[in-house]
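The block underneath contains the structure these notes are about, expressed in structure tokens.
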Amino acid sequence: MGAYLDLLLGKAYLSMPGEHYNRYRQDLADSAQERVLHYELSLMEDRPWEYLRDRVYPFFARYLKYKSLDPESPEGVVVAVFRGSTCYLIKAKDFIDVFKEMEGLNPTAYHFRVLRWLNP
Numbered sequence: 005m006g007a008y009l010d011l012l013l014g015k016a017y018l019s020m021p022g023e024h025y026n027r028y029r030q031d032l033a034d035s036a037q038e039r040v041l042h043y044e045l046s047l048m049e050d051r052p053w054e055y056l057r058d059r060v061y062p063f064f065a066r067y068l069k070y071k072s073l074d075p076e077s078p079e080g081v082v083v084a085v086f087r088g089s090t091c092y093l094i095k096a097k098d099f100i101d102v103f104k105e106m107e108g109l110n111p112t113a114y115h116f117r118v119l120r121w122l123n124p
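This is how it looks when you write it as structure tokens:
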């Protein structure tokens, strides 16, 4: 289990105490620099990789599709991963790259996986 967590959290471009996350979001909204969609994920409990693979990533792809974003390369999306008392911000592309790396998928194989998630 530790391998995927190290890989996932290592992709974070910013981390902060979890209690600062809402303030960060408000400051971002107030600055109106650009519109960023945040997808929040709690990993407070120890979850095996299979939980992310079979539940989190398929739901994430459907969520992106619902928001009219490309589930294979979403732009302007940040995944906020809460682990312990820390919030890790990861670009959606990097979040997806973790899946591809953990599953040993090239872009074509990932494309077909996304199609299965979107058409269960």
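Each residue of the sequence shown is one higher than the last, beginning at 5 in the working numbering.
Glycine is no exception: its CB is placed at the ideal position from the N, C-alpha and C atoms.
Residue i: first and last residue of the uninterrupted alpha helix (DSSP H) it sits in
{"i": "ALA65", "result": "61-70"}
{"i": "MET106", "result": "96-107"}
{"i": "ARG120", "result": "111-122"}
Beta-bridge partners of residue i, as assigned by DSSP
{"i": "LEU42", "result": "First, the residue type needs correcting, since residue 42 is His and not Leu in the sequence shown. DSSP output for HIS42 lists VAL82 as bridge partner(s)."}
{"i": "THR90", "result": "PRO21 and ARG87"}
Member of the options whose CA lies at the smallest distance from the CA of residue i
{"i": "VAL83", "options": "TYR17, ALA7 and TYR8", "result": "TYR17"}
{"i": "PRO111", "options": "VAL60, GLU76, PHE99 and GLY22", "result": "GLU76"}
{"i": "GLU107", "options": "TRP53, LEU41 and LYS97", "result": "TRP53"}
{"i": "GLY22", "options": "TYR70, LEU45, VAL60 and GLU38", "result": "LEU45"}
{"i": "ARG51", "options": "GLU38, HIS42, LEU9 and GLN30", "result": "LEU9"}
{"i": "PRO78", "options": "TYR61, ALA96, THR90 and ARG117", "result": "ALA96"}
{"i": "LEU73", "options": "TYR25, HIS42 and ILE94", "result": "HIS42"}
Whole-Å CB distance - residue i paired with residue j, under 8 Å assumed
{"i": "ARG66", "j": "LEU122", "result": "6 Å"}
{"i": "SER19", "j": "TYR114", "result": "At roughly 26 Å, the Cβ-Cβ gap does not stay under 8 Å, so SER19 and TYR114 are not in contact."}
{"i": "PHE103", "j": "LEU47", "result": "Actually they do not touch by this definition, with Cβ atoms about 15 Å apart."}
{"i": "VAL155", "j": "GLY80", "result": "Look at the range of the chain in this structure, 5 to 124, and you will see that residue 155 is not part of it."}
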